Amino acid sequence: MFEAEYWKNKWPFGGEGERDDVPVPKGEVCAKISKLVGLADENAGEYSFGGQADTLPVDPGLFVDSLRTISLPLVEKQVKKLIAKCEKSPYGHNMEIKIDESVRKSWQLQPDQVEIKNPSWEKGLDKLTEIIANRLGYKGIPLQCKLYKVLVYEEGGHFCIHRDTEKEDGMIATLVVQPPSTHEGGDLVVYHYKEEHRHDFGKADGTAAYLPHFAVHYADAEHYLKKVTKGFRLAMVYSICLPAAMHHLRKDPTWTVPDALSVAISQMENESFALFLSHHYTKKSIGDFGCAALKGVDRARFQALEVANSRVSDDKKLRFFIVKMSLKVDICPYGFTCSGRKTSIVLVHR
C-alpha cells in the first residue's frame with residue numbers, strides 16, 4: 001500500500017525546496033499535529049548534564065586484583081602498579097576493534113577485575129540513578145546502572161570525537177563517575193546539534209581532588225575527551241539501561257498535549273505522516289524493546305501521539321511503524337558526487 005501511494009505522489013516526504021530548508025508537513029491537520037508534537041519536547045529530559053555527585057561517598061573503596069585498596073587521588077607510584085593490571089583501551093571502527101593512541105589513549109580495567117568495597121557506594125549510586133532517570137525524562141522508571149569499565153588516564157590521555165555503542169541490552173545513556181582526581185585537562189565535551197556541553201568534573205571550582213563528580217549523556221551523543229595535560233584521571237564508566245520489563249511500564253500522563261493531538265488525529269482523513277527520530281538506534285534495541293527503546297525527544301513525541309491515539313475512536317486510530325529510510329542520490333555526468341543517508345523514522349498511517 002505504501003509503495004502504491006509513493007507512485008501516486010502521496011508519500012509523506014517531498015523533494016521541494018533548497019538543501020537547507022526545514023521540512024514542513026503539507027496539509028492543515030498534519031501541520032497542526034507537527035506543532036503539537038513539538039510541544040511535547042519539554043517532557044524529553046536533558047541531553048547531557050552532570051556536576052558534583054552528592055549521593056556518592058568520597059571514596060568508593062576500589063580494590064583491584066592483588067593490589068591494596070586504591071587510595072585517591074591517584075599518585076604516580078600507585079598508577080604504575082595499577083596500569084600493570086590494565087590493558088590499553090581500544091575503539092571500534094567499521095565493525096573492527098582497533099588500538100591507536102592517536103585516536104584513544106587510556107588504560108582500562110574490566111568490571112570483574114574491580115571490587116567496590118564501600119557499602120555506601122551502591123546505595124548512593126541507586127539514588128544517583130533515580131536522579132538521572134528524572135532528568136532524562138524517565139521519572140518513575142527504575143533504570144539500571146551497570147559498571148562497564150574503569151579507565152585510567154595519564155598525561156596525554158584522550159579520546160577523539162565518537163559515539164558510544166550499546167554495551168548492554170536496552171542501553172540509553174552513559175554515566176561517567178570521576179572519583180577524586182588531581183589533573184589538568186581531561187574535560188568531557190558532548191555535542192547536541194550545535195550546542196556544546198562541557199564537563200570539567202570539579203576542576204573549575206577546585207573540588208575535583210576532594211569530591212566525586214559525574215556526567216551523563218545519551219549513548220548516541222557525539223562526544224570527546226580532551227587531552228589530560230598533567231596528573232592522573234580515574235573514571236568509572238556505567239551503562240544506564242532500561243529494565244527488562246520496560247514494555248509493561250507506563251507513565252501517568254498529566255499533560256494536555258495529547259488532548260489537543262487527539263482532536264487533530266480525529267480530523268485526519270486517509271493520510272500518513274513521518275516523524276524523524278533524533279537519536280540513533282540499533283536493530284537489536286528496536287527488536288527487543290520496540291517503541292519502548294525510544295529516548296529523549298523521540299520518546300516524548302511518540303508518547304504524546306500514543307496517548308492521543310488511545311483517546312480517539314477505533315475507526316480514527318493511527319497505526320505506527322518504525323522504519324529505516326534510505327536516501328540515494330545517483331551520480332550524474334556533470335561532476336556531482338553521490339551522497340546518501342540512512343535514518344530511522346516513525347511512520348504514522350491510517
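In full-length UniProt numbering, the protein residues as written are 1 to 350.
Quick reminder that beta carbons are idealized off the backbone N, C-alpha and C, glycines included.
This structure is a prediction, so every number in the text was calculated from the model and none was measured.
Beta-ladder partner(s) of residue i, from DSSP
| i | result |
| --- | --- |
| residue 63 | 69 and 115 |
| residue 107 | 88 and 152 |
| residue 175 | 216 and 238 |
| residue 182 | 232 |
| residue 189 | 198 and 224 |
Reduced DSSP category for residue i - H, G, I as helix; E, B as strand; rest coil
| i | result |
| --- | --- |
| residue 353 | As displayed, the chain neither begins before 1 nor continues past 350, which places residue 353 out of reach and without an answer. |
| residue 241 | strand |
| residue 201 | coil |
| residue 163 | coil |
| residue 99 | coil |
| residue 38 | helix |
| residue 143 | coil |
| residue 299 | helix |
| residue 253 | Residue placement at residue 253 cannot be trusted, given a pLDDT of 36 that sits under 50; the coordinates are not used to answer. |
| residue 357 | Shown here, the chain extends from 1 to 350; a query on residue 357 therefore has no answer. |
| residue 290 | helix |
| residue 83 | helix |
| residue 124 | helix |
| residue 4 | Because residue 4 carries a pLDDT of 43, less than 50, the predicted location of this residue cannot be relied on, and no value is offered for it. |
| residue 206 | coil |
| residue 10 | Low confidence applies here, because residue 10 scores a pLDDT of 42, under 50, leaving its location unreliable; read the following figure in that light. Of the three classes helix, strand and coil, the one that applies to residue 10 here is coil, per DSSP. |
| residue 247 | Residue placement at residue 247 cannot be trusted, given a pLDDT of 37 that sits under 50; the coordinates are not used to answer. |
When the options are compared against residue i, the one with the closest alpha-carbon
| i | options | result |
| --- | --- | --- |
| residue 222 | 195, 107 and 230 | 195 |
| residue 105 | 158, 216 and 148 | 158 |
| residue 66 | 216, 73, 192 and 84 | 84 |
| residue 305 | 168, 148, 132 and 275 | 275 |
| residue 163 | 204, 112, 181 and 94 | 94 |
| residue 151 | 179, 135 and 294 | 179 |
| residue 313 | 41, 73 and 267 | 267 |
| residue 36 | 86, 325 and 308 | 308 |
| residue 81 | 90, 68 and 73 | 68 |
| residue 75 | 183, 136 and 127 | 183 |
| residue 204 | 215, 187, 318 and 192 | 187 |
| residue 108 | 311, 234 and 97 | 234 |
| residue 99 | 126, 240 and 160 | 160 |
| residue 96 | 211, 206 and 165 | 165 |
| residue 127 | 143, 118 and 325 | 143 |
| residue 224 | 321, 46, 57 and 103 | 103 |
| residue 86 | 92, 59, 114 and 71 | 114 |
| residue 169 | 134, 219 and 133 | 219 |
| residue 120 | 323, 62, 226 and 139 | 62 |
| residue 280 | 70, 324 and 131 | 324 |
| residue 217 | 206, 240 and 317 | 240 |
| residue 59 | 72, 53 and 185 | 72 |
| residue 51 | 287, 310, 45 and 131 | 131 |
| residue 211 | 260, 57, 45 and 27 | 57 |
Rounded distance between the beta-carbons of residue j and residue i, thought under 8 Å
| i | j | result |
| --- | --- | --- |
| residue 155 | residue 229 | 7 Å |
| residue 48 | residue 190 | 4 Å |
| residue 264 | residue 32 | 5 Å |
| residue 297 | residue 278 | 5 Å |
| residue 295 | residue 172 | 5 Å |
| residue 213 | residue 201 | 4 Å |
| residue 153 | residue 237 | Rounded, the Cβ-Cβ distance is 12 Å, inconsistent with contact. |
| residue 351 | residue 185 | Nothing in the structure corresponds to residue 351, since the chain is present only between 1 and 350. |
| residue 299 | residue 137 | 7 Å |
Near the ligand COA: residue i beta-carbon under 7 Å from a heavy atom
| i | result |
| --- | --- |
| residue 120 | Among the components modelled here there is no ligand, and therefore nothing to report on the ligand COA. |
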